[in-house]
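In my numbering, the protein residues as written are 2 to 378. Input: a single structure, listed below in structure tokens.
Following this line, the structure appears as structure tokens:
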């Protein structure tokens with residue numbers, strides 16, 4: 002294990018980092034208002050996208066890696082939030098903004114682009130969500146007013162279904178006609194539920210961290226799986242009957258569900274440090290990794306080949322795990338500059354991502370630096 006290179010260019014906190022689908026390009030966003038693309042082999046910055054003057058809310062690669070999507074977040078120190086209803090699509094090869102989408106009457110909270118790059122879904126906390134045609138930059142279907150109290154919206158991997166969740170109800174919409182195909186209603190599902198659709202678009206996953214639900218005999222979090230066509234359900238309990246929390250992933254082969262649940266309980270608080278791997282087919286728990294540090298797990302990421310898993314805790318420490326053996330392969334804490342070999346005393350890790358093959362972990366820090374690390378075989 003060793004550091005490959007230090008990437009410098011951002012002048013403020015690195016908010017997120019991520020790899021292109023082929024692993025050749027690293028994307029980073031910063032609170033300095035810029036997005037950068039880096040060549041993972043040379044460490045050189047390939048392109049810089051400047052997003053106006055306010056904070057970027059999120060960035061994403063399209064599934065084919067040829068398009069970059071970015072949109073704004075509401076800034077507390079920016080009285081004019083007019084940019085917060087605008088989303089940009091960038092050509093990764095040329096760095097040119099090839100399309101701009103403007104939502105009218107609401108701020109954009111999240112967005113997704115379809116695998117074929119033809120359709121964009123935009124959602125707002127106000128409950129409005131729309132499908133847009135990427136080529137014409139015009140809305141195809143608007144769902145505003147059809148469902149109340151919408152908490153989140155997702156587009157299925159096959160682009161045929163739009164999923165919305167609101168309180169105790171999940172709706173599956175036909176992305177071509179806008180008609181509701183399936184309604185799933187579960188008592189006690191609550192506002193803490195999030196949903197994910199499997200890569201083959203056939204299984205819907207609902208995760209609740211409510212402490213009361215009708216499927217458990219004690220207070221614990223619940224993972225529910227539904228067949229999209231039939232609506233039939235099965236339940237996966239979390240480890241040791243404890244409430245499950247936010248990080249959740251589905252492996253690319255559609256077989257393993259990764260969750261984080263409560264571990265050790267102290268005098269005044271609980272620590273969410275158990276990473277669980279559940280078999281989607283049987284609903285059984287296959288393995289657990291207990292986080293080494295003494296603070297909560299904030300996020301988890303999985304390599305595309307499903308062999309390596311990275312977890313980041315609340316204090317910024319990263320652990321990289323071998324999924325098959327359950328062993329911790331590497332631990333990263335503070336930053337060390339590769340060129341000077343000097344420890345940065347304030348370089349706390351703010352974000353981490355694994356390359357598709359699991360051989361490299363990229364981490365950003367709170368002073369604008371990115372580090373690429375090589376994971377030993």
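Beta carbons: idealized from backbone N, C-alpha and C, even for Gly.
Less than 8 Å between the C-beta atoms of residue i and residue j, yes or no?
| i | j | result |
| --- | --- | --- |
| residue 289 | residue 276 | yes |
| residue 35 | residue 50 | yes |
| residue 68 | residue 91 | yes |
| residue 318 | residue 332 | yes |
| residue 202 | residue 161 | yes |
| residue 15 | residue 351 | yes |
| residue 165 | residue 154 | yes |
| residue 364 | residue 372 | yes |
| residue 125 | residue 114 | no |
| residue 226 | residue 259 | no |
| residue 41 | residue 26 | yes |
At the level of alpha carbons, what is the spacing between residue i and residue j?
| i | j | result |
| --- | --- | --- |
| residue 87 | residue 99 | 13 Å |
| residue 116 | residue 356 | 19 Å |
| residue 22 | residue 62 | 8 Å |
| residue 151 | residue 168 | 7 Å |
| residue 305 | residue 358 | 6 Å |
| residue 286 | residue 279 | 4 Å |
| residue 216 | residue 171 | Note on residue 216: pLDDT 26, under 50, position unreliable in the model; the coordinate value appears next. Their Cα atoms are separated by approximately 17 Å. |
| residue 330 | residue 6 | 19 Å |
| residue 349 | residue 311 | 17 Å |
| residue 261 | residue 33 | 32 Å |
| residue 368 | residue 37 | 15 Å |
| residue 130 | residue 206 | 21 Å |
| residue 64 | residue 118 | 8 Å |
| residue 325 | residue 141 | 44 Å |
| residue 10 | residue 181 | 47 Å |
| residue 177 | residue 156 | 12 Å |
Report back the beta-carbon spacing between residue i and residue j to the nearest angstrom; my notes put them in contact at under 8 Å.
| i | j | result |
| --- | --- | --- |
| residue 13 | residue 30 | Contact doesn't hold; Cβ gap of about 10 Å is too wide. |
| residue 132 | residue 163 | 7 Å |
| residue 204 | residue 281 | 7 Å |
| residue 307 | residue 254 | 6 Å |
Between residue i and chain D, is any beta-carbon pair separated by less than 8 Å?
| i | result |
| --- | --- |
| residue 148 | Chain labels in this structure do not include chain D; a single protein chain is all it has. |
Would DSSP call residue i helix, strand or coil?
| i | result |
| --- | --- |
| residue 314 | strand |
| residue 159 | coil |
| residue 86 | helix |
| residue 108 | coil |
| residue 10 | coil |
| residue 176 | coil |
| residue 233 | coil |
| residue 171 | strand |
| residue 25 | coil |
| residue 32 | coil |
| residue 50 | strand |
Between residue i and the ligand ATP, is there a pair consisting of the residue's CB and a ligand heavy atom that are separated by less than 7 Å?
| i | result |
| --- | --- |
| residue 234 | With respect to the ligand ATP, the structure offers nothing, as it holds no ligand at all. |
**Item:** Within the stretch 115 to 142, ranges of the alpha helix (DSSP H) (whole runs, at least 4 residues)
**Value:** Complete alpha helix (DSSP H) runs here, min 4: none at all.
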